[in-house]
Each structure stands twice: as structure tokens, then as C-alpha cells.
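Protein sequences appear in the order of chains A and B.
Reminder that position 25 of the first sequence reads as 25 in this note's numbering, one-by-one numbering, no gaps.
Reminder that position 207 of the second sequence reads as 433 in this note's numbering, one-by-one numbering, no gaps.
For glycine and all other residues, C-beta sits at the position ideal for the given N, C-alpha and C.
Down below is the structure, laid out as C-alpha cells.
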Amino acid sequence: MITFKNVSKEYTAESAALQTVDLDIPTGDFVSIVGQSGAGKSTLLKLLSAEERPSKGEIVIDGWDITRIKRWQVPHLRRQIGVIFQDFKLLPKRTAFENIAFAMEVGGSVTTEIRETVPQILKLVNLIDKSDMYPNEMSGGERQRVSIARALAFKPQILLADEPTGNLDALHSWDIVQLLIKINKLGTTVLLATHNDDIVNALKKRVVTLNKGKVVSDVQGGTYKL
Amino acid sequence: MVGISFVRVLRNALRNFKRNVWLSIATTVIMTLTLLMMLFLYFMNVLSAEVLRGIEQKVDLSAVFKEDVSESQIETLANDIEVRADVEEVRIVSSEQALELFRQRHADEPFIEDALRELEENPLQPSMFIVATEPRFYQTIAAALQTEKYAPFFEQINYDDSEPVIAKLITFTTGLRNVALITTAVLAGLVVLIMFNTIRLAIYSFREEIDIMRLVGASNWFIRGPFVIEAVLVALLSVAVATLIVYPTIQGVSPKVGRFFFSGQVEQFDLYQFAVDSWLNVVGLQAAMAVFLAVFSSMIAIRRYLR
Chain A
1 MITFKNVSKE YTAESAALQT VDLDIPTGDF VSIVGQSGAG KSTLLKLLSA EERPSKGEIV
61 IDGWDITRIK RWQVPHLRRQ IGVIFQDFKL LPKRTAFENI AFAMEVGGSV TTEIRETVPQ
121 ILKLVNLIDK SDMYPNEMSG GERQRVSIAR ALAFKPQILL ADEPTGNLDA LHSWDIVQLL
181 IKINKLGTTV LLATHNDDIV NALKKRVVTL NKGKVVSDVQ GGTYKL
Chain B
227 MVGISFVRVL RNALRNFKRN VWLSIATTVI MTLTLLMMLF LYFMNVLSAE VLRGIEQKVD
287 LSAVFKEDVS ESQIETLAND IEVRADVEEV RIVSSEQALE LFRQRHADEP FIEDALRELE
347 ENPLQPSMFI VATEPRFYQT IAAALQTEKY APFFEQINYD DSEPVIAKLI TFTTGLRNVA
407 LITTAVLAGL VVLIMFNTIR LAIYSFREEI DIMRLVGASN WFIRGPFVIE AVLVALLSVA
467 VATLIVYPTI QGVSPKVGRF FFSGQVEQFD LYQFAVDSWL NVVGLQAAMA VFLAVFSSMI
527 AIRRYLR
């Protein structure tokens with residue numbers, strides 16, 4: 001369970017990225033977070049991965065209050081939360097396999113575990129035949145799938161997807177969403193921040209709409225409405 | 227887990243070193259120069275202390291006995307003088323020992339040996355060498371030997387005032403030491419600057435990896451460790467290079483140094499032997515200085531560019 005209690009984030013005294021947000025996200029939920037640019041979608045996700053700290057309020061993940069998380073605890077938190085981005089953030093000089101292995105190495109996994117797990121994850125994202133390809137040899141959709149595979153390396157409880165389809169065409173976007181649904185069905189809580197109304201409407205899942213940093217609607221089985 | 231992590235951090239450090247190999251080499255060179263300067267300072271201190279000790283302990287006051295002075299008289303006189311508070315040691319050199327020393331000193335001058343052979347009797351008289359507790363006492367002791375009590379027994383009293391030499395030497399070594407200290411400090415400053423830039427560039431060239439490491443939950447040690455270890459590797463490489471330069475150099479100059487500073491001394495100070503005996507100090511001193519400079523400069527770069 002993820003809980004936002006009265007959370008605000010102010011970057012400057014004049015501009016508030018988030019204002020008194022109250023939100024409960026049960027484990028295994030799939031939540032689309034929608035809103036215009038600057039509505040606070042990315043900030044909401046960054047607070048969960050402790051890239052940003054809230055100015056006010058409290059954030060709790062499965063009983064762990066991460067509001068005032070210590071610096072040394074951040075890596076531990078991040079190994080429980082997978083994050084994917086619009087620009088994929090892959091290492092261009094490493095193959096698909098190596099990009100995922102790198103994340104596992106960094107996290108301290110032993111070599112035998114890496115050799116066993118990476119092919120399994122690549123199979124899950126349907127890229128097992130492209131494990132030796134470099135990012136520039138892949139399509140945008142494939143790159144995003146590698147990025148998702150990397151996020152799954154530690155079997156995270158939560159997956160944060162920040163505009164994952166922003167750089168992809170409709171076909172590839174839908175491909176990625178299908179993959180997110182599959183991951184969600186395996187028990188991972190998915191938070192999807194997006195602009196893509198077609199995807200949100202087709203998902204028929206919970207939709208949280210943000211406007212100027214405030215939650216203006218929170219509807220189960222909702223649609224994209226600004 | 228810790229072991230795996232350390233191996234990976236070490237591997238990343240080696241990769242950092244290779245990725246900016248020319249900069250790494252430049253840093254190693256400047257670090258080596260700093261260590262060499264520091265070692266020069268170290269050995270200069272040792273050498274000047276030995277030279278001073280040698281001068282201070284050198285027999286500055288000698289008195290040659292008259293031919294008719296008996297062995298028992300010589301012994302009584304030596305005991306009498308040795309009890310003086312300003313006398314450290316009295317050494318008697320018999321006429322045979324004096325001849326032997328004379329021969330040794332002129333071993334490569336064959337005509338002297340020929341001349342000695344022609345003389346049937348030993349031309350050298352026994353003598354007494356006096357070491358004072360402090361160089362400034364030689365004048366007083368020499369004056370005492372010229373009083374009525376002792377003068378009848380001596381044919382000749384030789385006395386060199388070494389105090390001005392010592393004073394000059396101290397001034398010279400102090401000057402040289404200051405120059406070496408300033409040079410070492412300047413080089414150390416350069417090392418910090420260059421090392422800082424090396425690490426800064428390494429951080430820059432690894433920024434993508436670092437971003438992703440953070441994203442996937444790498445520990446601070448995993449992210450920062452390679453840069454500190456890279457700096458320590460440069461430091462240790464410099465220690466090895468400096469040591470490989472210093473020992474053969476000392477081995478080469480040691481005989482000349484010995485001849486120049488310690489000729490005529492019974493126990494000649496061997497700089498190379500000293501360097502070999504104190505290798506732990508030599509390497510330890512370098513390692514401490516190099517690792518300190520490396521860790522200090524890399525930590526500044528990391529704190530500034532890897533927050």
C-alpha cells in the first residue's frame with residue numbers, strides 16, 4: 001500500500017508542484033496519472049523514488065515512512081521500485097543483456113544469478129532473440145522493453161512509468177502498455193504517468209487526474225478528462 | 227556480497243583509469259615527482275644528520291707523545307684526561323697502529339710504501355685522540371694539554387676548530403631543506419589539482435552510468451568507490467615508480483657520497499645500505515603521502531561533482 005498524506009512539494013516559494021495530495025494506492029493496483037504538462041505527474045513519481053523530498057506531508061510505502069528517508073536508505077528503496085522513462089536511459093555501448101546485467105551488478109547480485117535471471121526477464125519482455133543487440137540497433141518500442149526489463153531486474157513491488165510511450169508510435173505504445181498490464185497481473189503495483197488519452201481510455205483502470213498540483217479527480221475505471 | 231561488490235568497484239576503477247589513460251599517466255608522473263622530491267628531503271635529512279654526527283665525532287684533537295714517554299705513563303695520562311667532564315672519549319693509538327693507519331691512507335701511493343720500507347724503524351710516535359662531549363670544548367681541552375702538567379709529555383698538539391664548519395654545514399643543509407620543502411609543497415599542491423581534474427573528468431565521462439546506477443539503487447560506495455580507488459591506484463603506481471627510480475639511483479651515488487662526506491672515518495656511513503635497511507619506512511612514507519593526497523583530492527572532486 002502506498003499512502004500520500006497531505007503531501008505538498010514546493011520548488012520555489014511561488015510555485016507548488018504538488019498541493020495537499022491525499023492518495024491511497026493498494027498493492028497490485030494499476031493507476032494512470034494524467035494531467036497537463038506541469039500538473040505534477042512526474043513530481044509525484046519522483047517523490048516515490050526519493051529523487052525529491054516532499055515539502056510537507058507524509059509518504060508511506062508498505063508501512064515504511066519514506067518522507068524523511070536517510071541518504072543511505074535510498075538505494076534500498078530504489079531496489080524495490082522500478083522506474084522507466086520516456087527517454088529509456090539505456091547505456092548505448094552495452095547490449096540489451098548487458099544493460100540489464102549492469103543494473104543487477106550494481107545491486108550486488110552474484111554472477112550466476114545474473115546469468116539465470118536476465119534471460120528470464122528478456123523472455124518476459126519478449127526480447128530474448130535480441131539480447132545481444134545494442135540500443136541503437138533496436139526500435140523505440142524494443143528499447144523501452146529493455147528499459148522495463150531492467151526495471152524488473154530486482155522484482156520490484158512497484159513500477160513507476162513516467163511517460164513511457166511519449167517517444168513511441170501508437171503500435172509500439174500499445175505494445176508497452178500490454179507489457180505493463182502483464183507485469184501488473186504478476187502482482188506489481190504500476191503507476192503510469194501519461195498524456196496518452198487513447199491508452200488511458202482503453203485501460204479502464206483507476207485514473208487520478210492532477211491539475212496545478214492538486215488531485216481533481218480519482219475514478220476507478222475512469223477515462224482521460226482534463 | 228561485500229567481496230563481489232569490492233571486485234566490481236575495483237574493476238570499475240581500472241576501467242576509469244583506462245578510459246582516461248593519458249590523464250592517469252600525467253597524474254602518475256606528477257605524483258611520482260612529488261614522491262621523489264619528498265624522498266630527496268628524507269635522505270638529505272638522514273645524510274646531513276650523519277655528516278654532522280661524523281664531524282662532531284671526528285677526532286678533532288690529537289696529541290703526539292714524545293718518544294721517551296712510557297706505556298704506563300701514556301695509560302695514566304689517558305685515564306687522567308678521560309675523567310674530565312668535557313671529554314667523551316680518549317683513544318690511544320700505538321705507533322704500530324699509527325703506521326698501519328698511515329699505510330691504509332696512502333695505499334695507492336707506492337712511493338710512500340717504498341719510503342717506509344727503507345726506514346728500518348717505525349717513524350711514527352704513539353698518540354692520543356680526544357673526543358669532546360661537545361665541539362665547543364675542544365679549545366679548553368687543547369689549552370689544558372698545553373699546561374705544565376701535561377706539556378712535558380707531548381711533542382705536538384693538533385687541534386682543528388670544527389665549529390665554523392658545523393655552523394656552515396647547518397646553514398647549508400637548512401637552506402637546502404627549505405628549498406626541498408617548498409618544492410615538495412608546490413608539487414603536492416599540483417598533485418591535488420591534477421588529481422581533482424582527473425577524477426572530475428572521470429565522473430563526467432561516466433555520467434550516464436552514474437545516473438543509471440542511482441536509478442537502479444546502487445549504494446553510494448558502489449558509485450563513489452571506483453573514483454577513490456582509481457586515485458589510490460594512481461598513488462600506489464607512483465609509489466612503485468618512485469621506489470624503482472630511487473633505489474638504483476642511491477645505489478649508484480652511494481659510493482661517491484660515502485667518499486665525499488665520510489672519507490677517513492672508521493665506520494663509513496653507507497647510504498644505500500641505510501635505504502635497503504629502512505625500506506619499510508621509505509615505502510611507507512611514500513604510500514602514506516601518496517594515498518593521503520589521492521584520497522583528499524578525489525574526495526573533494528566527488529563531494530563537488532557526485533552529490
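query: Along chain B, in chain order, which residues have C-beta atoms closer than 7 Å to that of V106 of chain A?; result: M439, V442, A444 and F448
query: Give me the Cα-Cα distance between V309 of chain B and E276 of chain B, rounded to the nearest whole angstrom.; result: 27 Å
query: Could you tell me whether the Cβ atoms of K41 of chain A and A202 of chain A are closer together than 7 Å?; result: no
query: According to DSSP, which residues form a beta bridge with T3 of chain A?; result: A:D24 and A:V60
query: Looking at C-beta atoms only, is the number of pairs between the stretch 407-418 of chain B and the stretch 44-58 of chain A that lie closer than 8 Å three or more?; result: no
query: Is DSSP giving Y385 of chain B helix, strand or coil here?; result: strand
query: Give the single residue among A:R53, A:I84 and A:Q19 whose Cα lies nearest to the Cα of L159 of chain A.; result: A:I84
query: Return the first residue and the last residue of the alpha helix (DSSP H) that M515 of chain B is part of.; result: W505 to Y531
query: Assuming F453 of chain B and I425 of chain B make a contact with CB atoms under 8 Å, what is their CB distance in whole Å?; result: 5 Å
query: So, does the CB of V125 of chain A fall closer than 7 Å to a CB anywhere in chain B?; result: no
query: For S274 of chain B, decide whether its Cβ has a neighbour in chain A, counting only Cβ atoms nearer than 7 Å.; result: no
query: Which of the three DSSP states, helix, strand or coil, is assigned to K123 of chain A?; result: helix
query: Check each candidate in B:R329, B:K244 and B:R237 and name the one with the smallest Cα separation from L427 of chain B.; result: B:K244
query: I need the DSSP call for F379 of chain B, collapsed to helix, strand or coil.; result: helix
query: Name the chain A residues that come within less than 7 Å of E434 of chain B, Cβ to Cβ?; result: L91
query: Looking at V177 of chain A: is its Cβ nearer than 7 Å to the Cβ of F30 of chain A?; result: no
query: So what does DSSP say about I318 of chain B, is it helix, strand or coil?; result: strand
query: Any C-beta of chain A sitting closer than 7 Å to the C-beta of S431 of chain B?; result: no
query: Quick check on this structure: which residue in A:G222, A:V216 and A:S139 has the alpha carbon closest to the alpha carbon of A39 of chain A?; result: A:V216
query: Closest by CA to I471 of chain B, which one among B:L261, B:F232, B:A527 and B:S250?; result: B:L261
query: Buried or exposed for I251 of chain B, please, with buried defined as at least 16 other CB atoms from any protein chain shown within 10 angstroms of its CB.; result: exposed
query: Classify S298 of chain B as helix, strand or coil using the three-state DSSP reduction.; result: helix
query: The beta strand (DSSP E) that contains D169 of chain A, what's its start and end?; result: Looking at the DSSP string, D169 of chain A is not in any beta strand (DSSP E), and its letter there is neither H nor E.
query: Please check if any C-beta of chain A sits within less than 7 Å of the C-beta of R241 of chain B.; result: no
query: Of the choices A:I61, A:D132 and A:D65, whose alpha-carbon is the least far from that of K93 of chain A?; result: A:D132
query: For my contact list, T359 of chain B and V313 of chain B are in at a C-beta cut-off of 8 Å; report their separation, rounded to the angstrom.; result: 7 Å
query: Return the residue from the list A:E58, A:N99 and A:M104 that minimises the CA-CA distance to P75 of chain A.; result: A:M104
query: Of the choices A:M1, A:L23, A:Q144 and A:G213, whose alpha-carbon is the least far from that of S165 of chain A?; result: First, the amino acid is wrong: residue 165 of chain A is Thr here, not Ser. For the residues A:M1, A:L23, A:Q144 and A:G213, the minimum Cα distance to T165 of chain A belongs to A:Q144.
query: Does DSSP put I449 of chain B in a helix, a strand or coil?; result: helix
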